[in-house]
Amino acid sequence: MITKIVTIARYNLVRMFRERANLFFVLVFPIAIIAVIGTQFAGEDTPEVGLVGTGDLAERTADRLEDTGAADVRRVDTAADLRDLVVDETLPAGIVVPDDAEAVLRDGRTLEPVVMLGSGEDAAQLEGVLTRAVEAEAVVPRATGELVSRMDASPEEASSVVAGMAEALPAVEIERVLAGGGDPDEEEYGIDQVAVGMLLLMTFLNALTGAASLIQSRKHGVSRRMMGTPTSLRTIVIGEGAGRWSVGMFQALYIMVASALIFGVTWGDIPAAVVVLVLFAAVAAGAAMLVGAVMHNDEQAAGVTVMVGLGLGALGGTMLPLELFGSTMNTVAHFTPHAWAIDAFTELTRRGGTVADILPELGVLAAFAVVLFALAAWRLRLTLTRL
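Residues are numbered in the working numbering as their position in the sequence shown, beginning at 1, plus a constant of 644.
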């Protein structure tokens, strides 16, 4: 029995690769989509700002922006040049720090740096980043000036005292956490998440399109000839299901390995990730079996499976992150197996989870697979016995 099941499954897998179009959609298309979409989110998010000024305060401001990672600094020669860069949207914002800013602060005068803002969405946020950097670096010269004027100390003495106090002050380290768990510095939506969505979408879609080949097997008498051999109906049903499952698993494992090698995508705990793939491919195989057992026209089935596969994938969060769904849509999304698989991969890839952490998601996927396979086996038995 096992040998016959493996033979039927291998036949379905080989049959998929006989069509050149399948080679493109299985091997090339998923990786191309990951490259196109994923790299748009995987680049550096640090904005670049312009800075005009050659004085000590300007130098320290530039160092602070670079060291804290708040922005990359492009040094610009004049205020007019900076204005042109901001107007042309080459830079989203910039600041002009007077060359004599240090002396102005020590003399107790008001410093008036100029912040130039573009029309982009990041301009308002960058204004705060630039002004806070200047204000932070202005504390020492401002305090030095106050000390000189109030205590009749020399500028050198006052500067030495203030600098020493600044170094002696205890550091303030703010811990950033997400209330719901996870890493606050992690990309919300990067190439890893794109790869997860594409893996689930293509695994389900390519397995589901196997419904058409099941209908063709019935139409061309392949199923009838198998029943004419010493092969039980149960073996045929399990073999056909194993064939769809093998197609889904090949697609899933290929995307996992290729994305890891080409794009450096991390999949977390590999054994746990493989368990998710095994169950999700079983869900897809069960759905393909059910469609193949119910429908009688392979061309219509091909169109239906594509629409259903894309629709469920979109609804389940493979094309748009579930984080962007509202509460109602998020609930609706979890009527699909895709959303549960995404939750499992999110736990594995972004929170370092293991199999124990994704047992609820695995249980739901297993339930999907059992129900779909039970319905498909029942319907396929009725269909094959009528041949």
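We treat Cβ as the ideally placed atom computed from N, Cα and C, and that holds for glycine.
Checklist entry - Between the beta-carbon of L921 and the beta-carbon of L905, is there less than 8 Å? => result no
Checklist entry - How would you label A1013, buried or exposed, when you count the other beta carbons within 10 angstroms and need 16 or more for buried? => result buried
Next on the checklist: Mapping the DSSP letters down to three states, classify V623 as helix, strand or coil.
Outcome noted: As displayed, the chain neither begins before 645 nor continues past 1031, which places residue 623 out of reach and without an answer.
Checklist entry - Would L735 be called buried (16 or more neighbouring beta carbons within 10 Å of its own) or exposed? => result buried
Checklist entry - Going by the beta-carbon positions, is the gap between L701 and A737 smaller than 8 Å? => result no
Next on the checklist: Looking at the secondary structure, which residues open and close the beta strand (DSSP E) in which R995 lies?
Outcome noted: That residue, R995, is in no beta strand (DSSP E); it is neither H nor E in DSSP.
Item to check | Buried versus exposed call for G687 [16 or more other C-beta atoms within 10 Å across all chains shown] | outcome: Interpretation of G687 is limited by its pLDDT of 49, a score under 50 that renders its predicted location unreliable; no figure is taken from the coordinates.
Item to check | Close Cβ partners of L849 (< 6 Å) along its chain, the five nearest in sequence each way excluded | outcome: G953
Checklist entry - Could you check where the alpha helix (DSSP H) with G930 kicks off and where it finishes? => result 914-938
Next on the checklist: My output table needs one value for R786: the three-state DSSP class, helix, strand or coil.
Outcome noted: helix
Item to check | Residue nearest to I678 in terms of C-alpha spacing, selected from L959, A1010, V950, G908 | outcome: G908
Checklist entry - Per DSSP, which one or two residues make a beta bridge with V717? => result V693
Next on the checklist: Between E692, T722, D721, which has its C-alpha nearest A767's C-alpha?
Outcome noted: E692
Checklist entry - In the structure shown, what three-state DSSP assignment does G772 receive? => result helix
Item to check | Short Cβ contact (8 Å threshold) for L966 with A985 | outcome: no
Checklist entry - Between G912 and S763, what straight-line distance do the alpha-carbon atoms span, to the nearest angstrom? => result 40 Å
Checklist entry - Expressed to the nearest angstrom, what Euclidean distance is found between the alpha-carbon atoms of L695 and V720? => result 6 Å
Item to check | Simplified DSSP state of G687, which is helix, strand or coil | outcome: Caution applies to G687, whose pLDDT of 49 falls short of 50 and renders its modelled position unreliable; the value that the coordinates give is listed next. Looking at G687 - three-state DSSP - the assignment turns out to be coil, as it is neither helix nor strand.
Item to check | Which residues DSSP lists as bridging L761, in chain order | outcome: A737
Checklist entry - In whole angstroms, what is the alpha-carbon distance linking S890 and T975? => result 30 Å
Item to check | For R753, three-class secondary structure by DSSP | outcome: coil
Next on the checklist: Using C-beta distances below 7 Å, list every residue in its chain close to G713, excluding the 5 sequence neighbours before and after it, in chain order.
Outcome noted: T690
Checklist entry - How should V758 be labelled, buried or exposed, when 16 other C-beta atoms within 10 angstroms of its C-beta is the threshold for buried? => result exposed
Item to check | Residue range of the alpha helix (DSSP H) that includes P965 | outcome: P965 -> no alpha helix (DSSP H), and no H or E assigned at all.
Checklist entry - For N974, which three-state DSSP category applies? => result helix
Item to check | Bounding residues of the alpha helix (DSSP H) (the contiguous stretch that carries P674) | outcome: 673-677
Item to check | Helix, strand or coil at P728 [DSSP, three-state] | outcome: Correcting the residue identity first, residue 728 is Asp in this sequence and not Pro. If DSSP states are grouped into helix, strand and coil, D728 belongs with the helices.
Next on the checklist: Tell me the residue span of the alpha helix (DSSP H) that contains V838.
Outcome noted: 835-852
Item to check | Whole-angstrom C-beta distance between R1023 and L934, which should lie under 8 Å | outcome: 7 Å
Next on the checklist: Can you give me the C-alpha to C-alpha distance between H978 and I681, rounded to a whole angstrom?
Outcome noted: 24 Å
Checklist entry - Are at least three pairs of beta-carbons, each pair with one atom in the region 703-717 and one in the region 774-788, less than 8 Å apart? => result yes
Checklist entry - Can you tell me the Cα-Cα spacing of R753 and E733, whole angstroms? => result 33 Å
Checklist entry - From L852 to E765, what distance separates their C-alpha atoms? => result 42 Å
Checklist entry - Near G841, which residues of its chain fall below 6 Å by C-beta distance, leaving aside the five closest residues on each side in sequence? => result T962
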